[in-house]
Amino acid sequence: MRTFDDLLAAHGREIFAYALRLTGDRDDADDLFQETFLAAFRAFGSVRDDNLRAWLYRIATNKATDARRRQARRVRLDDLELVAPDRDGVTTADIAAAIRALPPHERAAFVLRRVQDLSYSEVAEALSCSEDAARKRVSEATKKVKEALA
Amino acid sequence: MTLDAMLAESRERLASRAIAEGVARVAVDVMDSPLGPLWLALGPRGVLAIHYGASGYEGDLRRIVARYGPGVLRAPKRLDEVKRELDEYFAGKRTRFELSVDLSALTPFQRRILAATKRVPFGTVRSYREIATRAGMPTASRATGNALGANPIPIVVPCHRIVGSDGSLHGYAGGLDRKRWLLRLEGIPG
């Protein structure tokens, strides 16, 4: 990873998709994407290459938690070409509303694991929690999403 | 609007902001030209590189990162002025570039040779020996050829206007066909 552009080429798309799913709003996602990468660029020299992905998700998650402002213009997630495949027979279009209804810490855990396809250890690292806590959050969120879709 | 279209807009805004805030220092992009794609790099002091081709610019990138750090971002709009002047030149509507060039990552010798080369006017040629003489080193024709062969900013630093004392084209990092094309554009039969 030699330049900022390399970092964006490797992870820009998935972080942008994550920002859209977390916020459900294009302008908020744009803000979150920019804040995340500006913070990443500022810390670029001090980060090891082997955990860049989880590190970026952690920045994005923390930035989203910091700034919970909503804007009027919502993006219809089912219009988007999605990075991750559908998981567990639940389409992303179906779960978009259910995801938005989740409490923030469960929403982030659910999207990271079920949509962005991070491992539980990566989810834990991104959310600065234990792996057990990450599993619990994903499990709780999955239960709620399934109930919402039932 | 697709995810990729939104991402492209966000990346452009991110790059502008990162460069405006001084977090990133170098904008890069690729433009089309009659000589094929050109990879362009623009730093805080001027144009850093014009590379023939959309790939194979690793040597330029290494030099840029060594000079300005890893803050290199694809930022098409930041390069609009560079592209505009190049487009005008290729269309025969410009005979002189206003763009600043940044030679600060080069050796003092390379800088002197390229500075002398930059002063050679449109539509004229000079020999390697003349350039060496103008740079204050009349016996350094061969080293002059090497410095011109490694010119990171061809076209704007017009190393295509430097030919052998006998008028032969000698070499060109972008290939002799491109050198011939550029000289013809400037009214000099190859």
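From first to last, the protein sequence lines stand for chains A and B.
The numbering of the first sequence is our numbering, which starts it at 1 and goes up by one.
The numbering of the second sequence is our numbering, which starts it at 1001 and goes up by one.
We put the beta carbon where it would ideally sit given N, CA and C, even for glycine.
Proximity test, Cβ basis, 8 Å: residue i and chain A
i, result
"B/L1183", "no"
"B/V1030", "no"
"B/S1010", "yes"
"B/V1072", "yes"
"B/V1023", "yes"
"B/A1018", "yes"
"B/V1163", "no"
"B/M1137", "no"
"B/V1065", "yes"
"B/L1014", "yes"
"B/L1003", "yes"
Nearest neighbour of residue i, chosen from the options [CA to CA]
i, options, result
"B/R1134", "B/A1075, B/V1120, B/A1116", "B/A1116"
"B/G1123", "B/D1004, B/W1039, B/G1164, B/P1189", "B/P1189"
"B/A1027", "B/G1043, B/L1035, B/W1039, B/G1036", "B/G1043"
"B/V1156", "B/R1013, B/M1137, B/D1087, B/R1078", "B/D1087"
"A/H11", "A/D25, A/T23, A/T36", "A/T36"
"B/R1126", "B/P1108, B/G1164, B/L1003, B/R1084", "B/G1164"
"A/R100", "A/A60, A/Y120, A/K144", "A/K144"
"B/A1143", "B/L1007, B/L1114, B/V1030, B/R1161", "B/L1114"
"A/L32", "A/F44, A/L56, A/A9", "A/L56"
"B/A1132", "B/I1162, B/A1105, B/L1106, B/T1107", "B/I1162"
"B/R1074", "B/R1025, B/E1186, B/Y1172", "B/R1025"
"B/S1104", "B/G1171, B/L1185, B/G1187, B/G1046", "B/G1046"
"A/A96", "A/F16, A/R42, A/L149", "A/L149"
"B/V1078", "B/G1053, B/D1029, B/A1066", "According to the sequence as given, residue 1078 of chain B is Arg; it is not Val. Among B/G1053, B/D1029, B/A1066, the Cα nearest to that of B/R1078 belongs to B/D1029."
"A/R137", "A/I59, A/F41, A/A109", "A/A109"
"A/A141", "A/F44, A/A98, A/R42, A/S130", "A/A98"
"B/E1081", "B/K1093, B/E1098, B/P1070, B/A1091", "B/E1098"
Below-8 Å beta-carbon distance, residue i vs any chain B residue
i, result
"A/A96", "no"
"A/P85", "Residue confidence is low: A/P85 scores 48 on pLDDT, short of 50, so the model does not pin down where it sits. No coordinate-derived value is stated."
"A/T3", "yes"
"A/A108", "no"
"A/L56", "no"
"A/R114", "no"
"A/R13", "yes"
Span separating the alpha-carbon of residue i from that of residue j
i, j, result
"A/E14", "A/V123", "14 Å"
"A/D27", "A/A19", "10 Å"
"B/I1019", "B/V1072", "9 Å"
"A/A133", "B/L1014", "33 Å"
"B/R1111", "B/K1118", "10 Å"
"B/L1038", "A/R114", "41 Å"
"A/L112", "A/L118", "6 Å"
"B/G1145", "A/S46", "41 Å"
"B/P1152", "B/V1023", "24 Å"
"B/L1182", "A/S128", "58 Å"
"B/S1168", "B/R1129", "13 Å"
"A/A54", "B/I1064", "29 Å"
"A/F4", "B/M1137", "40 Å"
"B/G1149", "B/D1004", "39 Å"
Environment of residue i [buried if 16+ CB atoms lie within 10 Å]
i, result
"A/N51", "exposed"
"A/P104", "exposed"
"B/A1049", "buried"
"A/T65", "exposed"
"A/K63", "buried"
"B/M1006", "buried"
"A/T61", "buried"
"A/E147", "exposed"
"B/A1140", "buried"
"A/L38", "buried"
"B/L1176", "exposed"
Relative to chain B, which residues along the segment 22-33 of chain A have a C-beta separation below 7 Å, given in chain order? R26, D30, F33
Please list the residues of the segment 32-52 of chain A that have a C-beta atom closer than 8 Å to any C-beta atom in chain B, keeping them in chain order. F33, Q34, F37, L38, F41, R42, F44, G45
Contact set between the segment 1038-1054 of chain B and chain A, restricted to residues whose Cβ is under 9 Å from the partner: none
Given a limit of 9 Å on CB to CB distance, which residues of the segment 1091-1124 of chain B reach chain A? none
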